[in-house]
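See below for the structure under consideration.
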Amino acid sequence: AQSVSQHNHHVILSEAASLELGCNYSYGGTVNLFWYVQYPGQHLQLLLKYFSGDPLVKGIKGFEAEFIKSKFSFNLRKPSVQWSDTAEYFCAAAGGATNKLIFGTGTLLAVQP
Amino acid sequence: DTGVSQNPRHKITKRGQNVTFRCDPISEHNRLYWYRQTLGQGPEFLTYFQNEAQLEKSRLLSDRFSAERPKGSFSTLEIQRTEQGDSAMYLCASSFGLAGTTDTQYFGPGTRLTVL
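Protein chains in written order, with our numbering: chain R, 16 to 128; chain Z, 398 to 513.
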């Protein structure tokens, strides 16, 4: 069955700390991977996506993610977080004819000033 | 760019009542998706439209749920005889995709349903 796992449910960091959020997927066939972010009181926004090509993908606000096919992983990273990065982060996978997204359970990130 | 809009933003209803939500996608987006999100979970796929055709429905979409997208523009999601378990955030997303290609979905703010 298709699934996406996010093992970190809650992460608390101080400003300027480095961030890595784990994402593993189980998906048959070609997979496309996404990270979405939901800031407090706002709707889901796309951070970055991987369709093909360079496995290191850069997104908005200094975020990046690396697709490692052998590990079925697509971890999200940021070298130095800011208080404004406090949000919930969702990893998602898609593929097939409908491109429906399969989401992980999300990681709530709190950055302390 | 007006984005995806959803109405109403909040709906409180009594068990057994019918409710209808509306989603207006980004102009010219041919694909429209409905998802449901409960507390502590990621969004779960409900159904998908390509233009006006409903091409896939999740098993989560019981016979009390119906979705339409007349003329391939806005979409409505109706829940009949609501149950307390239907309480959730209902999300709409739209995208532009050609056959056989991958798209990027843009989400609306959601409609929060509370069934008393």
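C-beta: ideal position from N, C-alpha, C; glycine also.
Check	Outcome
Taking contact to mean at least 3 C-beta pairs separated by less than 8 Å, is the stretch 112 to 127 of chain R in contact with the stretch 410 to 418 of chain Z?	no
When the Cα atoms are used, what is the spatial distance from residue 468(Z) to residue 438(Z)?	33 Å
With residue 458(Z) and residue 443(Z) assumed to form a contact (beta carbons below 8 Å), what rounded beta-carbon distance in angstroms separates them?	5 Å
Could you tell me the boundaries of the beta strand (DSSP E) in which residue 63(R) lies?	60 to 65
Does DSSP put residue 75(R) in a helix, in a strand, or in coil?	helix
Does residue 422(Z) have its Cβ less than 8 Å from a Cβ in chain R?	no
What residues in its chain sit with their C-beta under 7 Å from that of residue 463(Z), if we drop five residues either side in the sequence?	475
Excluding sequence positions up to five away, which residues of its chain have a Cβ less than 7 Å from the Cβ of residue 492(Z)?	426, 428, 500, 501, 502 and 503
Would residue 100(R) pass as a contact of residue 124(R) if the rule is Cβ separation under 8 Å?	yes
Closest by CA to residue 31(R), which one among 113(R), 97(R), 104(R) and 59(R)?	97(R)
Contact defined as beta carbons within less than 8 Å: I believe residue 485(Z) pairs with residue 410(Z). What is the distance between those atoms, to the nearest angstrom?	Between residue 410(Z) and residue 485(Z) the Cβ distance is about 13 Å, and since that is not below 8 Å, they are no contact.
Ordered along the chain, which non-local residues of its own chain (more than five positions away) have a Cβ less than 6 Å from that of residue 478(Z)?	413 and 461
Given this structure, state the Cα-to-Cα distance separating residue 86(R) from residue 72(R), to the nearest angstrom.	16 Å
Within 7 Å: the Cβ of residue 24(R) and any heavy atom of the ligand SAH?	Although the ligand SAH was asked about, the structure shown includes no ligands whatsoever.
Answer with buried or exposed for residue 76(R), where buried requires no fewer than 16 other C-beta atoms within 10 angstroms of its C-beta.	exposed
For the beta strand (DSSP E) that residue 454(Z) lies in, which residues bound it at each end?	450 to 454
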